[in-house]
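Asker:
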Amino acid sequence: MAFRDHFPIFEQKTYFNSCSQGALSTEVQQAYAQYLRDWDEKGSPWELWVERSETARQAFAGLINADPNEVADCTSVSAGVSALASALDFSGERNKIVVSDFEFPTIAHIWHAQARRGARVAHVPAAGNVIPLERFAEAIDERTKLVSITHVCFRNGSRLDVPAIVELAHRKGALVLLDAYQTLGTLPVDVKALKVDFLAGGVLKYLLASAGLAFIYIRKDLVPDLYPTTMGWFSQADIFAMDIYANTPSPTARRFESGTPPVPSIYAGVAGMKLIQSVGLEKIRAEIGEITGALKEGAMRRGFNLASPADPDKHGALITLRSHKVDLLVKRLEAEGIITSSRDNNLRVSPHFYNNQRDVDVLMDCLTKHKELLV
Ligand SMILES: Cc1ncc(COP(=O)(O)O)c(C=O)c1O
């Protein structure tokens with residue numbers, strides 16, 4: 000079976016919206032069916048379901064080259080980062096949080112919410128479609144507790160130079176959180192090579208599953224000194240201790256978990272991650288590189304303006320084009336069976352390994368037809 004045939008949507012549509020939601024595979028469909036079968040046939044197999052959440056933890060750890068004890072399964076990136084925020088102390092001199100202007104809003108909301116606990120937020124402004132390293136250097140100082148950056152910007156596809164920013168942060172004694180939602184599943188991500196202290200992501204997009212499952216990575220040596228206040232029985236050292244007279248956090252990153260895990264989403268998430276690993280992230284990176292290259296070349300040849308940086312080292316799997324009326328453009332494309340999305344005035348086109356040159360040609364022909372909506 001060719002890989003594209005695992006995604007029935009391509010029989011009907013040209014799907015280019017993986018930055019928002021990965022296409023549904025037959026494997027993920029079957030995983031949901033398996034969840035219902037297990038429920039139906041086994042009744043209440045909680046041992047099995049807790050084991051499945053350990054499988055998800057291991058899959059996340061494998062994806063980022065971490066130890067499973069450094070990973071907390073969460074229901075969203077927001078939940079994981081909120082748990083992390085609750086464990087950080089902003090009462091002292093080191094109370095500054097440096098936040099890039101490329102962040103997904105949820106990340107900024109969480110950091111601004113810490114103002115009540117003594118935190119000060121400093122934004123690092125973009126210069127067009129990039130954030131120059133000097134701007135991070137200006138913002139990060141001896142009072143910086145945390146630098147919060149995204150790997151690839153959800154608005155324009157711009158990719159930040161993570162190792163260089165980490166180097167700047169660590170030199171001043173600050174920690175780094177990387178939001179890797181827009182890169183996980185598109186290329187190998189290695190927390191040890193990137194030297195990030197925390198990393199968050201989820202399965203909704205390029206990991207090919209659906210809502211309800213995400214995770215946060217906490218570097219091993221940081222775990223013992225971090226005490227989240229967003230607790231629950233799944234964050235305890237012994238989940239089944241059922242002790243209402245104490246709070247005994249897990250010695251591992253599981254202390255960042257909370258209540259009952261999202262079991263149906265875990266079935267789907269494990270299936271999506273398995274599919275990605277079976278193809279291989281180096282291969283996926285190469286294929287996405289070819290398709291994004293063809294998209295940029297096709298757009299530039301027709302005189303359409305890229306909102307993403309053109310340099311392949313400076314963008315992710317998301318390519319964006321400038322438009323006058325982007326909502327109308329997304330609707331026109333949809334009417335012709337092409338699924339894209341928009342942010343700001345940018346048309347977002349986000350291929351995955353399941354896209355091919357024919358998809359690029361179909362999109363370019365349709366964009367040419369509606370070129371009055373492009374800038
Ligand atoms: C970069 C990035 N971070 C975070 C999120 C969403 O996080 P959550 O799982 O909290 O909804 C998205 C989703 O669109 C995203 O693109």
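Taking numbering that gives the first Met the number 0, the leading residue of the sequence shown gets 0, the next gets one more, and so forth.
Beta carbons are placed, not taken as given, at the ideal position from N, Cα and C, and that holds for glycine.
Keep in mind the model is a prediction, meaning the values are calculated, not measured.
#1: List the endpoints of the continuous beta strand (DSSP E) containing T319.
#2: Exposed or buried, what is A65 when buried is set at 16 or more other beta-carbons lying within 10 Å of its beta-carbon?
#3: Just to confirm, does V76 get its C-beta within under 6 Å of one of the non-hydrogen atoms of ligand 1?
#4: Should G201 be counted as a contact of ligand 1 given a C-beta to heavy atom distance under 6 Å?
#5: Please identify the residue among G184, P263 and I217 whose C-alpha is closest to the C-alpha of K204.
#6: How would you call Y14, buried or exposed, if buried means at least 16 neighbouring beta carbons within 10 angstroms?
#7: Would you say the beta carbon of D178 is closer than 6 Å to some non-hydrogen atom of ligand 1?
#8: If you follow the alpha helix (DSSP H) that L145 is in, where does it begin and where does it stop?
#9: Quick check for students: name the residue ranges of the alpha helix (DSSP H) that lie wholly in the region 32-60, counting only runs of 4 or more.
#10: Could you check if L47 is buried or exposed, using at least 16 other CB atoms within 10 Å of its CB as the buried criterion?
#11: Look at V195 and L177 and say whether their C-beta atoms are less than 7 Å apart.
#12: Report yes or no: do three or more beta-carbon pairs, one from the region 150-158 and one from the region 342-360, lie closer than 8 Å?
#13: Going by beta-carbon coordinates alone, are G271 and V27 separated by less than 7 Å?
#14: In the DSSP assignment, find the unbroken beta strand (DSSP E) run with R119 in it and report its ends.
#15: Can you list, in chain order, the stretches of the alpha helix (DSSP H) that have 4 or more residues and sit fully within the region 287-350?
#16: Report yes if the CB atom of P311 is closer than 7 Å to the CB atom of N128, and no otherwise.
#17: May I have the straight-line CA-CA distance separating A334 from V374, to the nearest angstrom?
#18: Relative to the alpha-carbon of E289, which residue among T74, G302, V190 and L317 has its alpha-carbon at the smallest distance?
#19: If you follow the beta strand (DSSP E) that H364 is part of, which residue opens it and which one closes it?
#20: According to DSSP, is V165 part of a helix, a strand, or is it coil?
Answerer: The structure says:
#1: Taken as a continuous stretch (DSSP letters only), the beta strand (DSSP E) holding T319 covers I318 to R321.
#2: So A65 ends up on the buried side.
#3: yes
#4: yes
#5: G184
#6: Looking at its Cβ environment, which holds 16 or more other Cβ atoms inside 10 Å, Y14 is buried.
#7: yes
#8: Segment T143 to T149 is the beta strand (DSSP E) holding L145; no alpha helix (DSSP H) there.
#9: Taking only runs of at least 4 residues, no alpha helix (DSSP H) segment lies wholly in the region 32-60.
#10: exposed
#11: yes
#12: yes
#13: Contact: yes.
#14: R119 to V123
#15: 325-334
#16: no
#17: 21 Å
#18: L317
#19: The sequence shown places Asp at residue 364, not His. Premise fails: D364 lies in the alpha helix (DSSP H), Q356 to K368, not in any beta strand (DSSP E).
#20: Helix, per DSSP.
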